[in-house]
Amino acid sequence: MSAGTAPAGPHAGNEGRAAGHVSVRDGAIRLGRGEAAFDVVEDIDLDISGRQFVCILGPSGCGKSTLLGAVAGHLALSRGSVSLDGSAIAGPHPDRGIVFQQHTLFPWLSVIDNVAFGLKMKGIGRRERLERVRVLLAQVGLSDFSERYPAELSGGMQQRVEIARALINQPRVLLMDEPFGALDAQTRLTMQELLLDIWTQHQTTILFVTHDIDEALFLADRLIVMTPRPGRILDDIPLAFGRPRERGLITHPRFTAVKQRCLTLLQSAPGGVPLARLSPIGV
Amino acid sequence: MVPTLSGSTIETPRSLRAPHRRARRANILGALPRRISLGHLARRGLALALSLLAWHLAASSRLDLGLVTFRNVPTPAAAAQAAWALLHAPALPLHLGSSLVRVLSGFLAALGVGVALGLAIGRSQLARDLLLPPLEVLRPIPAVAWIPLAILMFPSSEMSMAFITFTGALFPILLNTVHGVESVHPRLMAAGRSLGAGDAAILREVILPGAAPSIVTGAAIGMGTAWFCLVTAEMISGQYGIGYFTWESYTLQNYDDIVVGMLLIGLLGMGSSLIVRWLGALATPWIGAGVQR
Chain A
420 MSAGTAPAGP HAGNEGRAAG HVSVRDGAIR LGRGEAAFDV VEDIDLDISG
470 RQFVCILGPS GCGKSTLLGA VAGHLALSRG SVSLDGSAIA GPHPDRGIVF
520 QQHTLFPWLS VIDNVAFGLK MKGIGRRERL ERVRVLLAQV GLSDFSERYP
570 AELSGGMQQR VEIARALINQ PRVLLMDEPF GALDAQTRLT MQELLLDIWT
620 QHQTTILFVT HDIDEALFLA DRLIVMTPRP GRILDDIPLA FGRPRERGLI
670 THPRFTAVKQ RCLTLLQSAP GGVPLARLSP IGV
Chain B
218 MVPTLSGSTI ETPRSLRAPH RRARRANILG ALPRRISLGH LARRGLALAL
268 SLLAWHLAAS SRLDLGLVTF RNVPTPAAAA QAAWALLHAP ALPLHLGSSL
318 VRVLSGFLAA LGVGVALGLA IGRSQLARDL LLPPLEVLRP IPAVAWIPLA
368 ILMFPSSEMS MAFITFTGAL FPILLNTVHG VESVHPRLMA AGRSLGAGDA
418 AILREVILPG AAPSIVTGAA IGMGTAWFCL VTAEMISGQY GIGYFTWESY
468 TLQNYDDIVV GMLLIGLLGM GSSLIVRWLG ALATPWIGAG VQR
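Shown next as structure tokens:
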């Protein structure tokens, strides 16, 4: 079932692809107008090297989704700069795929046409589109559901489609905004493992926003901890747990030690009342 | 259950375990009232029968309530007789054909103009500021008030009549399209842009299908209002048309035929609205997908 051996796989040609190095310099984002405008995040300095799996952890309203929206190109920085592999980010681009928490699948397209959307935008013919989509659907375990409409799928299956739809464009960086936040605990674990498998195969940079400490520690190479109002980076923790990650990891003493450190950090975090949940496309 | 890379299995929602894919296809008639049981059907039939009975009693007893009188209203039997006569009249196909062409051309023009204007108004503040004020002024003008101008503005009376049905169908289609465009969530557009869609593709691939269900609703209402304006439109007509037939019967004091014409317009309007809904359901097969039935 592994597409790693299939030369026509959707990630064929990754060799020539730029690394996916994300860089934010002195970044700040202001949202709202006039009197109501406020700084959502400020003083953001961040360097994410290519193919790294980075989780941004923080309480609701700390601006982590907003920061993700700036990397996606849906929000503009009010100060500073954000770039991918050295080129400044000016707007949304399929090189930076995004997966939201709430469903954004097109309800009028079947699963296969949803995933093929990016290829259609590139002007690729229908036959080749469907061929490439089938490989990817097999990877996310949805081959049998390709003709369904999104409304006919469970929440977990919908998120699989979302991930496949972003990956079909071979993004240099995959941006994920609490993608599993609305799923039940069991499905969430399954999806985390699936995501790690996919990441191993596609070798893309992943920037993953979550407020779930276990999830962040289980997935990431590196953890960025943020504090609210205005959102700032509180700590930057490398995670040296081996890969592939096993489920047993979350009860390992080294894991619980880091988790304890994160809890202490988040509890001691300065800042006032957190903002209501923001989204990567603005308030 | 579907095996995945990690060897685990996908959760299969209960509703999918026994796939009833055909349900979706079979329910293209979903626009028609779903699941009408025999009891409901009997009740609806009874309602129609009771209405007929009330009509018969009022008309045959020449009921006079002071404010309203049935003294000159034909009985159902008289109307049925007139309908039977019309059914065998050689002019009937000509009446039906002329009316259908007028309503259909007015409706199709309204569909094109209404959807185009609706997309523009729903998408652009500039278009909204420029187009909405004049349209809001035009909207309350009744079809009958358009007759003189319609005659002056169009070279043929056929076009004048199509224009009057057009004015009836335009606003429901336009307003529903605007509503549909506004109901497309910004998140869907953001997702589209991140997948490489430019402005034109967003309009074609996201906004238009997103607004489609509302457009279908507007079209079904618009089809009804187009028929609504038919009698008005065919006041201009010299010879044929169901509306003309109805109007002429009035001027000739042929009261039985008036009722026949009225009922015919009602039935044709209802039937063509149903056809529009049915076509709309075919064009929006995702509506109702995943809903347990």
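Sequence order for the protein chains is A and B. Read left to right, the first sequence gives residues 420 to 702 (the working numbering). Read left to right, the second sequence gives residues 218 to 510 (the working numbering). Every residue, glycine too, gets a C-beta built ideally from N, C-alpha and C.
Whole-Å CB distance - residue i paired with residue j, under 8 Å assumed
i        : j        : result
A/Pro598 : A/Gln520 : 6 Å
B/Thr394 : B/Gly335 : 3 Å
A/Thr624 : A/Gly439 : 4 Å
A/Ala491 : A/Leu614 : That pair is no contact at about 18 Å.
B/Gly458 : B/His312 : 6 Å
A/Ser497 : A/Ala447 : 5 Å
A/Arg584 : A/Leu503 : No, A/Arg584 and A/Leu503 are not in contact; Cβ-Cβ is about 20 Å, not under 8 Å.
A/Phe660 : A/Leu668 : 6 Å
Residue i versus the options, residue with shortest Cα-Cα distance
i        : options                                   : result
B/Gly413 : A/His493, A/Thr670 and A/Glu547           : A/His493
A/Arg651 : A/Arg498, A/Gly453 and A/Gly477           : A/Gly477
B/Gln470 : B/Trp495, B/Asn289, B/Arg279 and B/Asp416 : B/Asn289
B/Pro389 : B/His273, B/Phe324 and B/Ala299           : B/Phe324
B/Ser490 : B/Leu369, B/Val320, B/Ser315 and B/Val361 : B/Val320
A/Gly480 : A/Trp618, A/Thr629, A/Leu496 and A/Phe660 : A/Thr629
A/Arg666 : A/Arg553, A/Phe637 and A/Asp654           : A/Phe637
B/Pro357 : B/Tyr467, B/Thr384 and B/Phe287           : B/Thr384
A/Leu685 : A/Gly701, A/Ile632 and A/Leu697           : A/Ile632
B/Ala212 : B/Val477, B/Ala418, B/Ile368 and B/Met440 : For residue 212 of chain B there is no data in the structure shown, the boundaries of chain B being 218 and 510.
B/Val423 : B/Ala408, B/Ala302 and B/Ile432           : B/Ala408
A/Glu634 : A/Leu524, A/Phe674, A/Ala507 and A/Pro513 : A/Phe674
B/Leu425 : A/Asp458, A/Pro526, A/Ala604 and A/Ser687 : A/Pro526
B/Ser316 : B/Ala417, B/Ser466, B/Arg410 and B/Ala379 : B/Ala379
A/Gly542 : A/Asn588, A/Gly453, A/Ile643 and A/Gln679 : A/Asn588
Residue interval of the alpha helix (DSSP H) (run including residue i)
i        : result
A/Met540 : Val530 to Met540
A/Cys681 : Pro672 to Ser687
B/Phe462 : Ile459 to Thr468
B/Asp346 : Gln342 to Leu355
A/Asn582 : The sequence given here places Ile at residue 582 of chain A; Asn does not occur at that position. Run containing A/Ile582: Gly574 to Leu586, per the alpha helix (DSSP H) assignment.
A/Met610 : Ala604 to His621
B/Ala296 : Pro293 to Leu304
A/Ala489 : Lys483 to Ala491
A/Ala635 : Ile632 to Leu638
B/Leu447 : Leu447 to Glu451
A/Ala601 : It is not in any alpha helix (DSSP H) - A/Ala601 carries neither H nor E in the DSSP assignment.
Exposed unless 16 or more other CB atoms sit within 10 angstroms - verdict on residue i
i        : result
B/Pro430 : buried
B/Ala248 : Because B/Ala248 sits at a pLDDT of 44, beneath the cut-off of 50, its placement in the model cannot be relied upon, and the following sentence gives the value as read from the coordinates. Burial call: buried.
A/Asp445 : exposed
B/Pro365 : exposed
B/Ile381 : buried
A/Gln558 : buried
B/Met487 : exposed
A/Leu572 : buried
A/Trp618 : buried
B/Ala294 : exposed
A/Ala676 : exposed
A/Gln578 : buried
B/Thr221 : Any reading at B/Thr221 must be qualified, since the residue scores a pLDDT of 44, below 50, and its modelled position is unreliable; the value itself is stated next. By the neighbour-count rule (16 or more Cβ atoms within 10 Å), B/Thr221 is buried.
B/Ala403 : One point to set straight first is that residue 403 of chain B is Pro, not Ala, in the sequence displayed. Exposed, because fewer than 16 other Cβ atoms sit within 10 Å of the Cβ of B/Pro403.
Residue i - DSSP class collapsed to helix/strand/coil
i        : result
A/Gly446 : strand
A/Phe627 : strand
B/Ile368 : helix
A/Phe519 : coil
B/Ala407 : helix
A/Phe457 : strand
B/Val401 : coil
B/Ile432 : helix
A/Leu524 : coil
B/Leu499 : helix
B/Thr286 : strand
B/Asp473 : helix
B/Gly427 : helix
B/Ser278 : coil
A/Val441 : strand
A/Leu465 : strand
B/Ala414 : coil
A/Ala507 : strand
A/Gly667 : helix
Endpoints, the beta strand (DSSP E) within which residue i is located
i        : result
A/Leu653 : Arg651 to Pro657
A/Ser500 : Arg498 to Leu503
A/Ile475 : Phe472 to Leu476
A/Ile643 : Arg641 to Thr646
A/Leu593 : Val592 to Asp596
Within 9 Å of chain D by C-beta, residues of the segment 481-500 of chain A in sequence order: As a matter of chain content, chain D is missing from the structure shown, whose protein chains are A and B.
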